[in-house]
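Residue numbers (this note's numbering): 2 to 500.
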């Protein structure tokens, strides 16, 4: 997958690049400014590698103050800025602007302060998600949101996308576990949202900032809430001979008043791919499996496991496996955590979709995706955060075949359209980025998108922060009313003027 955007007039771009690099070198050490093609090539895309574009320059500040200085310098030149963490995003949210600066925050990677009594940690935006829990482990604490990329993804990126993970059903998303964000506006003005106290004065802009995909400001420091590690955790594998039964079982669990620590679903093609990769002990005969985790005190876990067993058996589970020890529990979860790399072993390329639907419609969505495989002549393997209805269908294709790429895009758009029809959303945790701009036209009206654009304009009047992402301009959607259009990247990006 390699779509690139046509560059503007080369002489004009070179002249603009010289101006930008000179401005950046006035506020950063020479080693912290990249602009040669071979130097900026690693930054031309994020985890959605179909979308590629090289920025004028890459800035790599090492301190909070340097971030502010970079933003001031860029704003003075009217230069777009795209903030970037580890580049693990899957919606093209960190795709560079061809006439802008990519602001890499990877070097801001210190844990500033960890308070075991207050159960909080202050971390710089470039700290890896998993590193927070590793640092807190000595105090019997951990950071709950755990996206599958937690070994690499950064807390700043988690804030930008409102990341979740396999335990978000019980413990919440990023927005439920962040107390304060410190950073800058597009002009380089210092910004602090939220508070370490239970509440902060004024409007709750922290909740709006989290999940805003880098459109409103740049986070440099985040205060997170830490939780005590559960005394016991056990994971159940429930097998089903029909994917519809597995979907209905999810609704039955929630309907019974049970809130497991984790509730995930995988279909047979996915479990086969995962089992061959990590040997997690999955039932390869099952049409679908559920991973259901219970945690708490030993007494709480025993009681919940017993209740879950009753619900799953009544829902038609053909087999139940319960982890006997911590090693087996981690092995069960290793399969889920490695679903994406396992898929990479069975297909040259895959398109990872991200949509949310009401839990009661899971079975309906699974059957719809099965039918789409015939329609588009492509395979799809499914792994879901089933507990909160967040779907991750992975569409398998070969990018060397242009027809398959087109079919994969159409397949993905059909999934998003179906999610909206079922009362859901086009995104759960990966964000809109550039991937789902067309789908925004299906889910939201002109008035709704107008409000979103107005809110961005309050923070960024010139539209310099992450331009062309997340919210399409009103004029763009006129031809798309009620239809998701699959389009080439050049058209998708070049048609978007500045806000």
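Just so it is clear, CB atoms sit at the ideal spot from N, CA and C, and this is done for glycine as well.
Being a predicted model, the structure only gives us computed values, none of them experimental.
Between residue 242 and residue 315, the C-beta gap is not smaller than 7 Å, which leaves the two residues out of contact. Here residue 156 carries a helix assignment [DSSP, helix/strand/coil]. Distance check between residue 355 and each of 338, 440 and 306 places 440 closest, using alpha-carbon atoms only. Inclusion of residue 155 and residue 129 in the CB contact set at 7 Å is warranted, their separation being smaller than that value. Judged by pairs of C-beta atoms under 8 Å, the segment 357-371 does not touch the segment 167-178, as fewer than three such pairs exist. For residue 445, no alpha helix (DSSP H) encloses it, and the DSSP letter there is neither H nor E. Closest option to residue 179, judged by alpha-carbon separation, among 162, 436 and 186: 162. Its Cα nearest to that of residue 185, the residue 68 stands out among 68, 24, 368 and 231. When 275, 211, 33 and 350 are compared, the shortest CA-CA separation from residue 397 is found for 350.
Each residue's CA atom was taken as its position, placing residue 454 and residue 473 some 9 Å apart.
Taking C-beta atoms as the reference points, residue 434 and residue 127 fail to come closer than 7 Å. Closest in C-alpha terms to residue 115, from the list 108, 107, 125 and 109, comes 125. Buried is the label assigned to residue 148, since at least 16 other Cβ atoms lie within 10 Å of its Cβ. If you look at residue 42, you'll find it isn't in any beta strand (DSSP E); DSSP assigns it neither H nor E. Within the segment 106-177, the alpha helix (DSSP H) runs of at least 4 residues that lie entirely inside it are, in chain order, 130-137, 156-162 and 169-172. Counting along the chain, residue 69 sits inside the alpha helix (DSSP H) bounded by residues 65-77. Its chain contains 354, 370, 381, 383 and 416 as the residues whose beta carbon lies nearer than 7 Å to that of residue 394, once the 5 sequence neighbours on both sides are disregarded; these appear in chain order. Secondary structure at residue 327: helix, using DSSP grouped into helix, strand and coil. In the three-state scheme derived from DSSP, where H, G and I count as helix and E and B as strand, residue 365 is classed as helix. Judged by DSSP secondary structure, residue 310 falls within the alpha helix (DSSP H) whose first and last residues are 299-315. Note on residue 53: 16 or more other CB atoms within 10 angstroms of its CB, so buried under the neighbour-count rule. Counting only runs of at least 4 residues, the segment 330-365 fully encloses the following alpha helix (DSSP H) elements, listed from N- to C-terminal order: 340-345. Look at the beta carbons and you see the segment 274-289 not touching the segment 385-393: under three pairs across the two are nearer than 8 Å. DSSP places residue 224 inside the beta strand (DSSP E), whose first and last residues are 219-226. When DSSP states are grouped into helix, strand and coil, residue 384 belongs to the strand group. The beta carbons of residue 291 and residue 257 sit about 14 Å from each other, so the pair does not count as a contact at 8 Å. Contact annotation: residue 457 and residue 216 have beta-carbon atoms nearer than 7 Å. Taking C-beta atoms as the reference points, residue 235 and residue 312 fail to come closer than 7 Å. DSSP, read as helix, strand or coil, puts residue 270 in helix. Of the residues 117, 34, 421 and 80, the one whose Cα lies closest to the Cα of residue 106 is 34. In this structure, residue 137 lies near residue 227, with their beta-carbon atoms less than 7 Å apart. Excluding five sequence positions before and after residue 449, none of the CB atoms of its chain fall closer than 6 Å to its own CB. With contacts defined as CB atoms closer than 7 Å, residue 214 and residue 183 fail to qualify as a contacting pair. Beyond the five residues adjoining it in sequence on each side, residue 233 comes within less than 6 Å, by CB distance, of 299 and 302 in the same chain, given in chain order.
Taking all protein chains shown into account, residue 260 has fewer than 16 neighbouring C-beta atoms within 10 Å of its C-beta and is therefore exposed.
In the DSSP annotation of this structure, the continuous segment of the beta strand (DSSP E) that includes residue 184 starts and ends at 179-185.
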